[in-house]
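Colleague: Residue numbers (full-length UniProt numbering), protein chains in the order written: chain A, 1 to 146; chain B, 1 to 146.
What follows is a single structure, and I will ask about it in a moment.
There are 2 protein chains.
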Amino acid sequence: MSEHSPVSNLTTEQCWELLHAQEFGRLAFHLLDEVHIVPLNYAVDADRRLVFRTAEGSKLLGLTINDDVAFEIDEFGDEEAHSVVVRGRARQLERHELDALDQLPLRPWVDTAKFNVIAIDVDEINGRRFELTRPWTHLRPPHDHV
Amino acid sequence: MSEHSPVSNLTTEQCWELLHAQEFGRLAFHLLDEVHIVPLNYAVDADRRLVFRTAEGSKLLGLTINDDVAFEIDEFGDEEAHSVVVRGRARQLERHELDALDQLPLRPWVDTAKFNVIAIDVDEINGRRFELTRPWTHLRPPHDHV
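Listed below in structure tokens is the structure:
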């Protein structure tokens, strides 16, 4: 009998379902020779690109210089967690490309001016389901024994 | 009267409080010329390093080749969200350095073999509080008007 693994892979379709269901994730990008990470709101468009808005700043600068990015979403309950990681290429959309996004639920949670729209073309998508042991929710640590 | 900003900075101490209070975040790292991101459990040690366990794999390989990393945690409720972003240097700890970590609440949520301990020396720490507008929780969009 093979040992049960607490980590299993999600199918690509399960990954897309999670990406569609959520609207908040974290973008990792290059800024020159540094790696940076930032939380942001996103949406999935009809071509299965991840799109988000951004103001001018280090994020936009970094993506302009190097379009290689990674993006992560996760969710977890008491018994299990899911995480989806995407790798792809980021590109600032031209004005004429924005009309197609009008129907997209790209709703920034924070009310700041963000005039640029970035789309990530997804090259790789991987998702995992973790069975959470969290032993401390079931056991007292040894030094607590009386 | 200055305009109220929906985004404000956390103090460094508020950032550390959040890092201490949580145990789950996302690590962004270089793997050769790519940026990768992975969710993981972590703890803060007595020297204010972020420590986590990892098995052999691309994460450990990437950190060995390039120690430049970023790390993010976040939490959000209905009205506001917090995010803390750390940048630093990752290093695999030697065996003799591990004893000091015995008391650390470094509790992997998932029961897999992870024999290597990585510590991130924090160079930069930044936190932000976001006031969430989420207008769709208060307003119906125009095309829903009757």
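Backbone N, C-alpha and C fix where the C-beta goes; we use that ideal spot for every residue, glycine too.
Relative to the alpha-carbon of VAL38(A), which residue among HIS4(A), ILE120(A), CYS15(A) and PHE24(A) has its alpha-carbon at the smallest distance?
Modeller: Considering only alpha carbons, the answer is PHE24(A).
Colleague: Please go through the region 23-67 of chain B and give each complete alpha helix (DSSP H) segment of 4 or more residues, from N-terminal end onward.
Modeller: Runs found: 58-65.
Colleague: Could you list which residues in chain A have their beta carbon closer than 7 Å to that of SER83(B), in chain order?
Modeller: By Cβ distance, chain A contributes PRO39.
Colleague: Looking at VAL35(A): is its Cβ nearer than 8 Å to the Cβ of ALA70(B)?
Modeller: For VAL35(A) and ALA70(B), yes; Cβs fall inside 8 Å.
Colleague: Could you name the residues of the same chain whose beta carbon sits closer than 6 Å to that of ASP123(B), not counting the 5 residues immediately before and after it, in chain order?
Modeller: Cβ neighbours of ASP123(B) beyond the five flanking positions: ARG87 and GLY88.
Colleague: Classify ALA100(A) as helix, strand or coil using the three-state DSSP reduction.
Modeller: In this structure, ALA100(A) counts as helix in the three-state DSSP scheme.
Colleague: Name the chain B residues whose beta carbon is nearer than 7 Å to that of residue 176(A)?
Modeller: No answer is possible for residue 176(A): it lies beyond the span of chain A, which begins at 1 and ends at 146.
Colleague: Rounded to whole angstroms, how far is the Cβ of PHE52(B) from the Cβ of LEU40(B), which I believe are closer than 8 Å?
Modeller: Right, the Cβ-Cβ distance comes to about 5 Å (below 8 Å), so this counts as a contact.
Colleague: Residues in the same chain with beta-carbon distance under 6 Å from SER58(A), minus the five sequence neighbours each way, listed in chain order, please.
Modeller: For SER58(A), where only same-chain residues beyond five positions count, the Cβ hits under 6 Å are LEU31.
Colleague: Skipping 5 residues on each side, what residues in its chain have a beta carbon closer than 7 Å to that of LEU98(B)?
Modeller: Cβ within range, chain order: VAL117.
Colleague: Give the range of the beta strand (DSSP E) segment to which ALA81(A) is assigned.
Modeller: Start and end: 80-92.
Colleague: Could you pull the DSSP bridge partners for PHE115(B) from this structure?
Modeller: For PHE115(B), which the question treats as bridged, DSSP gives no partner whatsoever.
Colleague: Quick check on DSSP: helix, strand or coil for LEU19(A)?
Modeller: Helix, per DSSP.
Colleague: For a quick check, are the C-beta atoms of LEU104(B) and ASP33(B) less than 8 Å apart?
Modeller: No.
Colleague: Quick check on ARG128(B): does DSSP put it in helix, strand or coil?
Modeller: Strand, per DSSP.
Colleague: What does VAL110(A) pair with, by DSSP beta-bridge criteria?
Modeller: DSSP, once it has assigned bridges, lists no residue as partnering VAL110(A).
Colleague: Could you compute how far the alpha carbon of LEU93(B) sits from the alpha carbon of GLU75(B)?
Modeller: Taking the straight line from one Cα to the other gives about 29 Å.
Colleague: Identify the residues that DSSP records as bridge partners of ASP74(B): which are they?
Modeller: Answer by DSSP bridge pairing, in chain order: SER83(B).
Colleague: What separation, rounded to the nearest whole angstrom, lies between the Cα atoms of TRP109(B) and HIS82(A)?
Modeller: In a straight line, the C-alpha of TRP109(B) is about 12 Å away from that of HIS82(A).
Colleague: Pull up the distance between the alpha-carbon of LEU10(A) and that of GLY127(B), whole angstroms please.
Modeller: So the alpha carbons of these two residues sit roughly 32 Å apart.
Colleague: With a cut-off of 8 Å, does the C-beta of ALA113(B) fall near any C-beta of chain A?
Modeller: Chain A, which has no Cβ nearer than 8 Å to the Cβ of ALA113(B), makes this no.
Colleague: Verify whether the separation of the beta carbon atoms of PHE29(A) and LEU63(A) is less than 8 Å.
Modeller: Yes; because the gap between Cβ atoms is below 8 Å, this pair is in contact.
Colleague: Along the chain, where does the beta strand (DSSP E) containing LEU10(A) start, and where does it finish?
Modeller: Counting along the chain, LEU10(A) falls outside any beta strand (DSSP E), and DSSP gives it neither H nor E.
Colleague: Which same chain residues, not among the five before or five after GLU131(A), have their C-beta less than 6 Å away from its C-beta?
Modeller: Taken in chain order, the residues that qualify are PRO6 and GLU80.
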